[in-house]
Amino acid sequence: MCRATDLRTAVLAKNDRSAHRLRAELAARATVLVNLLSSPGSGKTALLEAELALARRRGIPVAALTADLATENDATRLARAGVPVKQVLTDGLCHLESDMLRDHLDGWLPAGTRLLFVENVGNLVCPASYDLGESLRVVLASVTEGEDKPLKYPTAFGLAQLVVVTKQDIAAAVEFDQEAFLTNVRQVNPGVEVVHTSARRGEGVGRLLDRALAVSHGAAVHQPVMATALDGHGHRDGRGHGDGHGHDHGHDHDHDHDHGDEDSHGDGHPLTHEHAH
Amino acid sequence: MHEMSIALAVVDQIGDAARSGGHEAVETVVLRVGELAGVVPDALRFCFELACEDTVLAGAVLLTEPVPGRAHCAPCAREWATGLPPHLCCPACEGPAAGLLSGRELEIAEVRWAPGRRAAAHEEA
Chain P
1 MCRATDLRTA VLAKNDRSAH RLRAELAARA TVLVNLLSSP GSGKTALLEA
51 ELALARRRGI PVAALTADLA TENDATRLAR AGVPVKQVLT DGLCHLESDM
101 LRDHLDGWLP AGTRLLFVEN VGNLVCPASY DLGESLRVVL ASVTEGEDKP
151 LKYPTAFGLA QLVVVTKQDI AAAVEFDQEA FLTNVRQVNP GVEVVHTSAR
201 RGEGVGRLLD RALAVSHGAA VHQPVMATAL DGHGHRDGRG HGDGHGHDHG
251 HDHDHDHDHG DEDSHGDGHP LTHEHAH
Chain G
1 MHEMSIALAV VDQIGDAARS GGHEAVETVV LRVGELAGVV PDALRFCFEL
51 ACEDTVLAGA VLLTEPVPGR AHCAPCAREW ATGLPPHLCC PACEGPAAGL
101 LSGRELEIAE VRWAPGRRAA AHEEA
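Line by line, the protein sequences give chains P and G. Residues 1 to 277 (full-length UniProt numbering) are what the first sequence spells out, left to right. Residues 1 to 125 (full-length UniProt numbering) are what the second sequence spells out, left to right.
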């Protein structure tokens, strides 16, 4: 006899629950988490350093946590901005998970931090699948990476709530086709805002800070198509897919499916039914 | 490669289900993997085999059920296959899709339990 169990459970449900919890805990401390994703070498550390320094000059309490496979070089660079910075070494793991982040914040995150920037591991594939508990997910791409980056990494770009183009100062030299890039972003994430920056020239520096501050003031964030799950009637059905983008429970139909929502499997083991074949 | 983390999450959840249901061995695990879930089924199968070693899932077979990406446009009341990379603007009005009907699934659909060692020994005797 072979018995089967319909688990019907999201594989990343544990991380999703942890992320929901962390988001709520940070909200209670009035801290907004900004998750920054990009390829290695996209210039996110240089931009973040400039944004942190600006925040400090403006008297905005910010902090940054930077994750790398190895070396503390990024934390050393970010610390020059004069704000609290923590380096996390993942020992080879390609992404951060919410539980790991919570452990690193525990006992470190200074009271009163308004914005916490998390520089994820340089990788556009793996971190895209993990909700960290962020309220703003930002994907960065430099002009040197090619216009088709959004199509090559559709999960990362498709779930972004803000896209930042970096190294704009060398766009002409590398013949960056901005229109093609924007068309590609629109294909996978229509409506997402794209900002252009050059940390070297100071161009666009402050945009990221402004957007993050707006979120901390309660401004609505972009809801990507890819993060919006619909039921069979085309209504939002509030399924959480671990992307941290507003789980909308805005309608009251009954659903026979059973994923993502913390209430529906609070114990983590929704053994919905067993049957024998 | 986050497929290893995903495989470990699968093994973890099924291990818990086995304990609570009193199962000793797993024959097959069926995963639903959406076209837009950002997971490579071949890489996942490779990692799954490693993640199963020395667990109740040792020797279990992983079956993946692909789920195509489908998007919906509210004003046009139409739906379409997104493809990969996905087209998330409506092919008719070119406006943004209202959302996805499917495609981001990464779910354990079904676990088929195998008779455990004790049960198998009993049947042979």
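Glycine included, every Cβ here is placed at the ideal spot set by N, Cα and C. Computed from a predicted structure; not experimentally measured.
query                                                                                                                                                                         : result
Please give the ranges of any alpha helix (DSSP H) in the segment 2-42 of chain P, keeping only runs that are unbroken, at least 4 residues long and fully inside the region. : 13-28
Cβ of G:Gly59 less than 9 Å from any chain P Cβ?                                                                                                                              : no
P:Gln187 versus chain G: which residues are under 9 Å apart at the beta carbon?                                                                                               : Pro85, Pro86, His87, Leu88, Cys89
Using a threshold of 9 Å, state whether the C-beta atoms of P:Asn73 and P:His95 are closer than that.                                                                         : no
Going along chain P in order, which residues have a C-beta closer than 8 Å to the C-beta of residue 126 of chain G?                                                           : The structure shown does not extend to residue 126 of chain G, since chain G spans only 1 to 125, so no value can be given for it.
Out of G:Pro85, G:Ser5, G:His2, G:Val11, point me to the one whose CA is closest to residue 140 of chain G's CA.                                                              : The question about residue 140 of chain G has no answer here: the residues shown for chain G are numbered 1 through 125.
Under 7 Å Cβ-Cβ, which residues of chain G neighbour P:Pro84?                                                                                                                 : Per Cβ cutoff of 7 Å: no residues; P:Pro84 is ~28 Å from chain G at best.
If we ignore side chains and look at the alpha-carbon of each, how far apart do P:Leu12 and G:Leu106 end up?                                                                  : 8 Å
So, with DSSP's three-state summary, where would you put G:Leu88?                                                                                                             : coil
Rounded to the nearest angstrom, what separates P:Arg102 and G:Ala77 at their Cα positions?                                                                                   : 42 Å
Using the beta-carbon count (16 or more within 10 Å), is P:Gly202 buried or exposed?                                                                                          : exposed
Quick check on the DSSP output: the beta strand (DSSP E) that includes G:Arg104 runs from which residue to which?                                                             : Looking at the DSSP string, G:Arg104 is not in any beta strand (DSSP E), and its letter there is neither H nor E.
At 9 Å on the CB atoms, spell out the chain G contacts of P:Lys14, in chain order.                                                                                            : Ala9, Asp12, Gln13
Does any residue of chain P bring its CB to less than 9 Å from the CB of G:Arg45?                                                                                             : no
Can you find a C-beta in chain G that's less than 9 Å from the C-beta of P:Arg236?                                                                                            : yes
Contact criterion: CB-CB distance below 9 Å. Does residue 305 of chain P meet it with respect to chain G?                                                                     : Nothing in the structure corresponds to residue 305 of chain P, since chain P is present only between 1 and 277.
What residue does the alpha helix (DSSP H) around P:His104 start on, and which one ends it?                                                                                   : 98-105
Can you tell me whether DSSP reads G:Cys73 as helix, strand or coil?                                                                                                          : strand
Would you be able to state if there are at least three C-beta pairs under 8 Å between the segment 158-169 of chain P and the segment 182-200 of chain P?                      : yes
List, in chain order, every chain C residue whose beta-carbon is nearer than 9 Å to that of G:Trp80.                                                                          : No chain C is part of this structure, whose protein chains are labelled P and G.
Which chain G residues are close to P:Ala10, counting only those with a beta carbon under 7 Å from its beta carbon?                                                           : Leu106, Glu107
Any beta carbon of chain P sitting closer than 9 Å to that of G:Gly116?                                                                                                       : no
Of all Cβ atoms in chain G, is any one closer than 9 Å to the Cβ of residue 283 of chain P?                                                                                   : Lying before the first or after the last residue shown, residue 283 of chain P is absent from chain P, which here runs from 1 to 277.
Of the choices G:Ala37, G:Gly38, G:Ala25, whose alpha-carbon is the least far from that of G:Gly59?                                                                           : G:Ala25
Thinking just about the alpha-carbon of each residue, which of P:Gly234, P:Asp106, P:Arg29, P:Val139 is nearest to the one in P:Pro61?                                        : P:Arg29
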